Amino acid sequence: MVGANSAAFMIKNIRYKTKIAVIGAGQAGLSAAYHLKKLGLKIGQDFIILDEAPNPGGAWQYRWDSLTLSTVNKIHDLPGMSFEETLATKDTEVQANTAVPHYFELYERKVGLQVYRPVKVEKVYEAGDRFHIDTSETLFSALGIINATGTWGSPYIPVYPGAELFQGEQLHTKDFKTADYFRGKHVIVVGGGISAIQLLDQISQITTTTWVTRRQPLFREGPFDDMAGHDAVAMVEERVRQGLPPLSVVSVTGLPYSSEIQEMEKRGVLKRFPMFKEITKTGIKWEDGREERADVILWNTGFKSSLSHLDTVLPKEEQGGIQMAGRLATMVAKEPRIHLVGYGPSASTIGANRAGGAAARELLKTLSTADLSADSYTRSQP
Numbered sequence: 007m008v009g010a011n012s013a014a015f016m017i018k019n020i021r022y023k024t025k026i027a028v029i030g031a032g033q034a035g036l037s038a039a040y041h042l043k044k045l046g047l048k049i050g051q052d053f054i055i056l057d058e059a060p061n062p063g064g065a066w067q068y069r070w071d072s073l074t075l076s077t078v079n080k081i082h083d084l085p086g087m088s089f090e091e092t093l094a095t096k097d098t099e100v101q102a103n104t105a106v107p108h109y110f111e112l113y114e115r116k117v118g119l120q121v122y123r124p125v126k127v128e129k130v131y132e133a134g135d136r137f138h139i140d141t142s143e144t145l146f147s148a149l150g151i152i153n154a155t156g157t158w159g160s161p162y163i164p165v166y167p168g169a170e171l172f173q174g175e176q177l178h179t180k181d182f183k184t185a186d187y188f189r190g191k192h193v194i195v196v197g198g199g200i201s202a203i204q205l206l207d208q209i210s211q212i213t214t215t216t217w218v219t220r221r222q223p224l225f226r227e228g229p230f231d232d233m234a235g236h237d238a239v240a241m242v243e244e245r246v247r248q249g250l251p252p253l254s255v256v257s258v259t260g261l262p263y264s265s266e267i268q269e270m271e272k273r274g275v276l277k278r279f280p281m282f283k284e285i286t287k288t289g290i291k292w293e294d295g296r297e298e299r300a301d302v303i304l305w306n307t308g309f310k311s312s313l314s315h316l317d318t319v320l321p322k323e324e325q326g327g328i329q330m331a332g333r334l335a336t337m338v339a340k341e342p343r344i345h346l347v348g349y350g351p352s353a354s355t356i357g358a359n360r361a362g363g364a365a366a367r368e369l370l371k372t373l374s375t376a377d378l379s380a381d382s383y384t385r386s387q388p
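In the numbering used here, the protein residues as written are 7 to 388.
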């Protein structure tokens, strides 16, 4: 299946050379592609976009139906096209998994961004002065890479003793579809982020819940303005410039003390328990020996960056992170031909657009000063 406005090329087992490969067509990838085009590169010749998803929309197309425009964090405009102008209604209860993919689809059309999809990048390795990009469809090669694969494909569930003994279900935020699925079950909701709060709110309205977090949740009063967003991004950026694993931007912003949270307090839902010590056959057990029965453990413990396809070409630091450089910390310091947008400070839509532009400009500068043969990025189909 080829998604809307995708390049419907028969590329099976065909080698395809280009100058820059953009991997991922979510917010960060589309932003980078937009800026590459603005800088004079021709799509399909000088750069290509590869996307694993069957249709436009990035991770948004997989979000749960109850996530509406009134409950998401702000949808930031892609460069050159407003999100609001693509909405057919002012109703804020429109599903985000419909509205945002529609916006991305119209954006690809308007900007003229043909995307190879669904194409899963399985492995990237170096050969000479090029990166070979092995995908589910074919073998591409490029001089430089802008990686924008985000985090949705790498859900994180921490390891706890006894997890393999649990006779109920263990699910992740990524698995959530509707709260009604949990009716009649006791659910342990793990996590102190925005998604955990939203799902706790919905599930607790139809069944019993226990809320568990590793740290005491921090609630923020007042609006989350541009200055607060800038400060949060700066804290994450400082870590990745040192080669430390990134914290999520959301983890340093705190939770907005909204009317929904106030209602949850009134219902007694926000009684928070510390993290349990182990998982048992029938539930969870704390350090003091107290136990709680459970039918489901719902892990809202976030995501890791989806970078496994780059394992052989990404220099890792002793601390487990990747040292980043460049104006907006998108450049891999020890391999400047690779930029990671949607990693660290640009993992949120707060910074994805600006990061896409910075990555495009800096990568072109790196490639223009490299010792490369004149025809090394000419498209070829032997």
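The C-beta atom is built at its ideal place from N, Cα and C for all residues, glycine as well. Since we're looking at a predicted model, the values are computed, not measured.
*asked:* Could you tell me the alpha carbon to alpha carbon distance between Asp294 and Glu284, rounded to whole angstroms?
replied: 11 Å
*Met241 versus Met337 - alpha carbon distance*: The straight-line gap from Cα to Cα measures roughly 17 Å.
_On the CB-based measure, 16 or more other CB atoms within 10 Å of its CB, does Ala185 come out buried or exposed?_
buried
*Gln176 lies in the beta strand (DSSP E); which residues open and close that run?*
175 to 178
*Thinking C-beta only, is Val195 closer than 8 Å to Leu304?*
yes
*What do you get for Lys48, buried or exposed, if any count of 16 or more other CB atoms within 10 angstroms of its CB means buried?*
exposed
*Determine the direct distance from the alpha carbon of Val100 to that of Val319, and round the result to whole angstroms.*
41 Å
*Quick one: give me the first and last residue of the beta strand (DSSP E) that Phe110 is part of.*
It is not in any beta strand (DSSP E) - Phe110 instead sits in the alpha helix (DSSP H) that spans 102 to 117.
*Enumerate in chain order the residues of its own chain whose CB-to-CB distance from Ala380 is below 8 Å, with the five nearest sequence positions on each side excluded.*
Low confidence applies here, because Ala380 scores a pLDDT of 37, under 50, leaving its location unreliable and the question unanswered by this model.
*Can you grab the Cα-Cα spacing for the pair Phe172 / Arg296, in whole Å?*
17 Å
*Tyr131 - containing beta strand (DSSP E), residue span*: 127 to 133
*Sequence-distant residues of the same chain with beta carbon closer than 8 Å to Lys96, five excluded per side*: none
*Taking the alpha-carbon positions, what's the Asn359 to Met87 distance?*
12 Å
_Own chain partners of Gly424 with C-beta closer than 6 Å, once the 5 adjacent residues on each side are dropped_ = Because the chain here runs from 7 to 388, residue 424 falls outside it and cannot be looked at.
*C-alpha gap between Glu170 and Ser201, whole angstroms*: Rounded to the nearest angstrom, the two C-alpha atoms are 25 Å apart.
*Does DSSP put Ser147 in a helix, a strand or coil?*
strand
*Assign Trp305 to one of three DSSP states: helix, strand, or coil.*
strand
*Residue range of the unbroken beta strand (DSSP E) whose run includes His192*: Counting along the chain, His192 falls outside any beta strand (DSSP E), and DSSP gives it neither H nor E.
*With contact counted as at least three CB pairs below 8 Å, one residue from each stretch, are the stretch 102 to 112 and the stretch 64 to 77 in contact?*
yes
*Excluding the five sequence neighbours on either side, which residues of its own chain have a C-beta within less than 8 Å of the C-beta of Pro252, listed in chain order?*
Excluding positions up to five away in sequence, the list reads Val242, Arg245, Val246, Ser311, Gly327, Tyr349, Gly350, Pro351, Ala353.
*His315 and Glu128: beta carbons closer than 8 Å?*
yes
_Close beta carbons around Met16, own chain, < 7 Å, minus the five adjacent residues each side_ = With a pLDDT of 44 at Met16, under the threshold of 50, the modelled position of this residue cannot be trusted, and the question is left open.
*Can you give me the Cβ contacts of Glu368 inside the same chain, cut-off strictly under 8 Å, excluding the 5 residues immediately before and after it?*
Gly332, Arg333, Thr336, Met337, Pro342, His345
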